[in-house]
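First the structure, in the form of C-alpha cells, and then the observations on it.
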Amino acid sequence: MMSATTDISNINFTDISGRTTERLIQNIPTLINQRKSPMTLQRQEIKERLDAGSHNKTIVDLDEIIEKWVWKMWELTKRSREESKYRREELDIKLNWKRVNFWQSEATFTRSAQLRIPKSQILFKTHFSNNTDREQEYSLRAQRSTITTLSFQFMRGFTKEKEGCVVFKLPNEVLEVGGGLRHEQRVEYGRDSTFETQMLWSADSTIRVAPNSKANAELCITEEEYSADFSAEVRFSGRISAMISTRNNTGGYYKYMEGDLATIFSDALRSGNCGASPGQFEVHEQTQTIRTVMLGKCAFRYGIEQHVNVEQEKLTNLSSTITNEPPPKYRPVFTSHNIH
Numbered sequence: 001m002m003s004a005t006t007d008i009s010n011i012n013f014t015d016i017s018g019r020t021t022e023r024l025i026q027n028i029p030t031l032i033n034q035r036k037s038p039m040t041l042q043r044q045e046i047k048e049r050l051d052a053g054s055h056n057k058t059i060v061d062l063d064e065i066i067e068k069w070v071w072k073m074w075e076l077t078k079r080s081r082e083e084s085k086y087r088r089e090e091l092d093i094k095l096n097w098k099r100v101n102f103w104q105s106e107a108t109f110t111r112s113a114q115l116r117i118p119k120s121q122i123l124f125k126t127h128f129s130n131n132t133d134r135e136q137e138y139s140l141r142a143q144r145s146t147i148t149t150l151s152f153q154f155m156r157g158f159t160k161e162k163e164g165c166v167v168f169k170l171p172n173e174v175l176e177v178g179g180g181l182r183h184e185q186r187v188e189y190g191r192d193s194t195f196e197t198q199m200l201w202s203a204d205s206t207i208r209v210a211p212n213s214k215a216n217a218e219l220c221i222t223e224e225e226y227s228a229d230f231s232a233e234v235r236f237s238g239r240i241s242a243m244i245s246t247r248n249n250t251g252g253y254y255k256y257m258e259g260d261l262a263t264i265f266s267d268a269l270r271s272g273n274c275g276a277s278p279g280q281f282e283v284h285e286q287t288q289t290i291r292t293v294m295l296g297k298c299a300f301r302y303g304i305e306q307h308v309n310v311e312q313e314k315l316t317n318l319s320s321t322i323t324n325e326p327p328p329k330y331r332p333v334f335t336s337h338n339i340h
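In C-alpha cells form, the structure reads like this:
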C-alpha cells in the first residue's frame, strides 16, 4: 500500500503540455463561496468573447469515473441474495477523497494581450457657475467605484464534487496597473468562473472658475483589458474509498470498498470510457500518480488611472433670461400652531 504523501516533485513525466514544469507547489483545497449577482454589461461582454472559442472543451468528471468503478466492483462482488435484491437506483454512493493528495504547478500565461479600452468611463459630473465679476474657487469632492472583472474558462481539465481549486498568480503586468487586485486567485477545478470586485476612486480638487463663466468637471476612469491562454499542471495520487447504502437508509444495507486511484484511472483510460481526450491524463506506474494539464482562457478588465477633466465656457447674457413676471407667492406646506 502506498502512502498518500509520497513525494512526486522530482518524478519525470512525458510532457503533454508543450513545456516542462520546473516547480510544484502543494494545492490546499479551498471551497469558494461566491454571492450570485446580476451579470453586468462588462461581464457579459467578456463572457461572450470567451465563449466564442469554447467549441472543443474536454472537462472530465472525476466523481463519475470513480462511481463507474464502484458500480463495476459492486456487480462483481455481489455474493449473497441480500445484495442481489437491490437495484442500482435504490442505492446511493458517497465518495471519500480525504486520502487523495493534489499537487499543482504554478500557472503560466501565454499569448497574452493588453488592450486599453478606447472610451473612458465617466463616474461623476458636476457644474460650477460663477455669476460674479471676480474669479471664484469651488471644491470638488467625489468618491465613486468601478467593477473589476476576472473571468476564467477551462478548455481542458477535470471537476470533482468536493472542494479543490487551481491557484492562479496573476501576471505582473496586470498587478502593476490594476491596483487593488489580489495577487492570487483561486478557481474551482474545471469550473468556469467570473469574479467581480469593487475598486474605489476619489477626487479632492479645487476648481477655479473665471468671472461670468461656467465650469464643467468630470471624473473619468481609463480601463484596460488583459486576455491570455493559461496552463497549469496538476498531479494527484492516493486511495479513494466509497460507501454504498440504500437511499434514505431504508433497509440498512451498507457496503464499503476502496481502491488505488491510479489503478482505477489506468483501467478507465484503457477502456476509453472516461470521456478524456487522447493524452489528457498520464499515469506514472512507479509512484501510482496521475498527471494532467489544465488548459483554458482568461480575461480581466480593470481600471488603471483616473482623470479630472475641466472645461470652462462663458455664461450666456443674464439679461435675456429676465422676465417681467412677478415672483410666485409663498405658500407654506403646513401651518404650525403654538401650544400654550
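Counting in the UniProt record's numbering, the final residue of the sequence shown is number 340, and the numbers go up one at a time with none missing.
Don't be surprised by glycine CBs; every beta carbon is placed ideally from N, CA and C.
Under the three-state reduction of DSSP output, K162 falls in the coil class, being neither helix nor strand. Put simply, the backbone Cα of S231 is about 36 Å away from that of I244. Under the three-state reduction of DSSP, W201 is assigned to strand. Residue pairing by DSSP places G157 opposite I59 in a beta bridge. Residue K297 holds the alpha-carbon nearest to the alpha-carbon of N56 among K297, V174, K160, K85. In this structure, Q286 sits away from C220, with a CB-CB distance that is not shorter than 9 Å. A straight line joining the alpha-carbon of L76 with that of A107 spans about 42 Å.
One thing to note: V174 has its Cβ within 9 Å of the Cβ of Y302. Selection T289, E311, G179, I290 evaluated against A215 yields E311 as nearest (Cα-Cα). Rounded to the nearest whole angstrom, the CA to CA distance from E218 to M199 is 18 Å. The secondary-structure analysis by DSSP pairs T126 across a beta bridge with A217. R156 is the residue among F109, R156, E258 whose C-alpha sits nearest the C-alpha of M294. Here the region 196-212 makes no contact with the region 257-272; the two share fewer than three CB pairs at distances below 8 Å.
When T206, T289, W201, R247 are compared, the shortest CA-CA separation from E89 is found for R247. The DSSP-derived three-state label of S271 is helix. Each of I240, Q280, T316, R111 was checked against the Cα of K94, and the nearest Cα belongs to I240. Ranking L115, Q280, R116 by CA distance to the CA of E233 puts Q280 first. Shortest Cα-Cα distance from S227 to any of V60, D92, R116, W103 involves R116. Rounded to whole angstroms, A262 and S237 show a C-alpha spacing of 7 Å. In the three-state scheme derived from DSSP, where H, G and I count as helix and E and B as strand, A262 is classed as helix. L175: member of the alpha helix (DSSP H) spanning 172-175, first to last residue. G190 sits close to V60, with the two beta carbons spaced by under 9 Å.
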